């Protein structure tokens, strides 16, 4: 199947997503909820791109969950898509009690999109930490509900130890019946910490290192 | 949808066995609050992981609020807001001495907010145990512990020969089974131009073709009885007063797409709907109209009912199917569409209740007669609309498309009570635009309403009278939007909270920032909840900017 990404022709397998086509063409499309090891989720909406369909209609779509169609023309620099993706990232910054630590994927997306602070302020997630597990820590206030940890636990490990909880702005993540990793079906594989883009779930040892070396990152991502 | 969890739910749950949502609802009804043991028991019964069941317990309204021996639910829907400005909520809270979402220390009484009870014709409404009382004096009666069931106005029709307000009689199914093969009947529905009445207006026959073409041993028809739009009580009317019409529509749809089973998801805010549907299912089975080999045709089809537990977004089709699976009622990205991979991962046609009620009308009258039901419109068929308590003659009314909103508001519904003037009407639910009084001449039809920033939606017509504070309307709608966001996509999860905060704070609203937020919601949201909530706010910005406290 042939599609065009930012002016370059790309051949992709039938069923490929627009994000896969864009990456095959070498285009940099930022993402937050996407992890190629798991099925696309379509939650963060940071991977928005412009699509000019064969029918002539111009739309903005989430590239991770949109399948390619023959002859599709993709514009990863579409001004509307970029403007809205940046606004979404600003909204994410506005829900966190502090700027993301420099080493996190979220901080990298903030840099890539050239986001400089947030226009929005308001309620932020309350601090709630859980360090009962020997080496996995929750910092619930940093959770952006991307679902990567829950899906890693389901799709990579098959442990089903994690779940999304709550809804709307108060959505978050829990292990077992919110009793922490140790009292859940967790097998301590660390797939959740590995995929987390914000340190909401992280390894305790890394938390200590990050705290020691990234003190200056707390205020400027 | 989370594929692995759907597989688990499909493997362990035999059809008709209670879902996790139903098991947890029963536990909370019995004991007032969910314990970890309840969650473990539901996990063991259903084969779903404990974490998953815990996630369900934190999602639905019914499972989150603790219940006292007496559980009072106050309707905070838009019709109740238009009637009292919210005063009934404060009076009830003060009188009962408990805040919404809380239970008295001695366990005697609890109060919860609910949206909406579907008594918009007699607002405000309160549910005290299993009694739904509504209208003037309701708060006093509930506080005196003498709530009484509120009545409901009879439905009317403006059509020469009522279609959707006539009770179903199962006369269409035998004729179709005898005379048409499934493809022929599907083509008749396509020719009639039936489009989805839930608000999205998708051509029904197209869904049927997709599902029919998807290779599978089993297919499903799912009826969306999660009529969550505050201000709407159309599907409630159909499920409770004309359940046979809905069931016959499901059976006909099943015949066309090759489905053998139907499921109706009924919202828990309508306690009367499930018993009415189940009585009609039993009657149809007894008459040989549901079950194996219907009327000797070789076509088998049966229907069961599944309960919701309080979530607006469950009205979205992927969230609806998640709820039928007993999972968190969150939205999933499409594709795959339910017609390809839906209930238990199999091809599924999801239709709004009213859409299904149209199917026997098409079968009985034919495609051409159906299209002619609305002579002034390009749309075929008729529409049920419903009016709120501000009108002199509220109730469900069957109307042709194309008459003006003014004729509906002033002629059919008799204008407003106490001679008050209409300030604006919101049409089609919380995601519908708001039409100011100056535009009441707009025809009630797709294109003209769209040109005015509005939509037919599901068909509720909700008047705000001349005393209404439109900034308070924005605050009310956005509080609803933020509360009901399922939390999956970031724009809706965070953006509706920020939009509500703009209007809830005493500060002036920064218009530039608000418009950036509305654009983000419209362009980037995963489903119609996030992308639709800006519509009424845009109407208010256009028609009532002076009342919004803009900077």
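Chains as they are written, first to last, in our numbering: chain A, 1 to 221; chain B, 1 to 551.
Here a beta-carbon is modelled for each residue, glycine too, at the ideal position from N, C-alpha and C.
Fair warning: this is a prediction, and the values are worked out from it, not measured in the lab.
Item: Cβ neighbour criterion (16 or more within 10 Å) applied to residue 227 of chain B; Value: buried
Item: Residue 24 of chain B - containing alpha helix (DSSP H), residue span; Value: 20-31
Item: Any chain B beta carbon closer than 9 Å to residue 158 of chain A; Value: yes
Item: Near-chain A residues of the segment 503-524 of chain B - C-beta to any C-beta below 8 Å; Value: 513, 516, 517, 519, 520, 523 and 524
Item: One or two residues paired with residue 436 of chain B in a DSSP bridge; Value: B/424
Item: Alpha carbon of residue 153 of chain B to alpha carbon of residue 485 of chain B, nearest angstrom; Value: 32 Å
Item: Local conformation of residue 113 of chain B per DSSP, three classes; Value: strand
Item: Residue span of the alpha helix (DSSP H) that contains residue 351 of chain B, given as start and end; Value: Residue 351 of chain B -> not in any alpha helix (DSSP H); beta strand (DSSP E) instead, spanning 348-352.
Item: Neighbour flag for residue 136 of chain A against chain B, beta carbons, 9 Å; Value: no
Item: Residue 292 of chain B classed as buried or exposed, judged by whether at least 16 other C-beta atoms fall within 10 angstroms; Value: exposed
Item: Residues of the segment 188-207 of chain A whose Cβ lies closer than 9 Å to any Cβ of chain B, in chain order; Value: none
Item: Other residues of its chain near residue 449 of chain B: CB distance less than 7 Å, five sequence neighbours each side excluded; Value: 427, 442, 455 and 456
Item: Residue 218 of chain A versus residue 178 of chain A - alpha carbon distance; Value: Because the pLDDT of residue 218 of chain A is 40, which lies under 50, any placement of that residue in the model is unreliable, and the question is left without a value.
Item: Unbroken stretches of the alpha helix (DSSP H), 4 residues or longer, contained in the segment 355-429 of chain B; Value: 367-371
Item: Below-9 Å beta-carbon distance, residue 176 of chain A vs any chain B residue; Value: yes
Item: Meets three-Cβ-pair contact criterion under 8 Å: the segment 377-388 of chain B and the segment 248-256 of chain B; Value: no
Item: Extent of the continuous beta strand (DSSP E) to which residue 303 of chain B belongs; Value: 302-307
Item: Interface flag, residue 454 of chain B vs chain A, CB-CB below 9 Å; Value: no
Item: Neighbour flag for residue 149 of chain A against chain B, beta carbons, 9 Å; Value: no
Item: Between the CA atoms of residue 112 of chain B and residue 63 of chain B - distance to the nearest angstrom; Value: 11 Å
Item: Proximity of residue 285 of chain B and residue 307 of chain B at Cβ, strictly below 9 Å; Value: no
Item: Those runs of the alpha helix (DSSP H) which lie wholly inside the segment 79-159 of chain B and span at least 4 residues; Value: 87-96 and 138-143
Item: C-alpha distance - residue 221 of chain A paired with residue 101 of chain A, whole-angstrom precision; Value: In this predicted model, residue 221 of chain A has a pLDDT of only 37, less than 50, meaning its place in the structure is not dependable; the value taken from the coordinates is given anyway. In a straight line, the C-alpha of residue 221 of chain A is about 6 Å away from that of residue 101 of chain A.
Item: Through-space distance from residue 72 of chain B to residue 107 of chain B, alpha-carbon basis; Value: 13 Å
Item: Proximity of residue 490 of chain B and residue 528 of chain B at Cβ, strictly below 9 Å; Value: no
Item: When B/250, B/267 and B/40 are compared against residue 226 of chain A, the one with the closest alpha-carbon; Value: Because chain A here runs from 1 to 221, residue 226 of chain A falls outside it and cannot be looked at.
Item: Under 9 Å (Cβ pairs) to chain B, residues found in the segment 50-83 of chain A; Value: 60, 62, 64, 65, 66, 67, 80, 81 and 83
Item: Integer Cβ distance of residue 145 of chain A from residue 122 of chain A, believed to fall under 8 Å; Value: Actually they do not touch by this definition, with Cβ atoms about 16 Å apart.
Item: Element boundaries [alpha helix (DSSP H), containing residue 520 of chain B]; Value: 511-524
Item: Min CB distance residue 169 of chain B to chain A below 9 Å; Value: no
Item: Helix, strand or coil at residue 266 of chain B according to DSSP, with G and I counted as helix; Value: strand
Item: Per DSSP, cross-strand counterpart(s) of residue 17 of chain A; Value: A/67
Item: Beta-bridge pairing of residue 4 of chain A - partner residues as DSSP gives them; Value: A/9 and A/73
Item: Beta-carbon contacts of residue 257 of chain A that lie in its chain and below 7 Å, excluding the five residues immediately before and after; Value: What the structure shows of chain A is the stretch from 1 to 221, and residue 257 of chain A is not part of that stretch, so it cannot be assessed.
Item: Residues near residue 288 of chain B in its chain [Cβ-Cβ closer than 8 Å; skip 5 each side]; Value: 294 and 295
Item: Three-way DSSP call (helix, strand, coil) for residue 184 of chain A in this model; Value: coil
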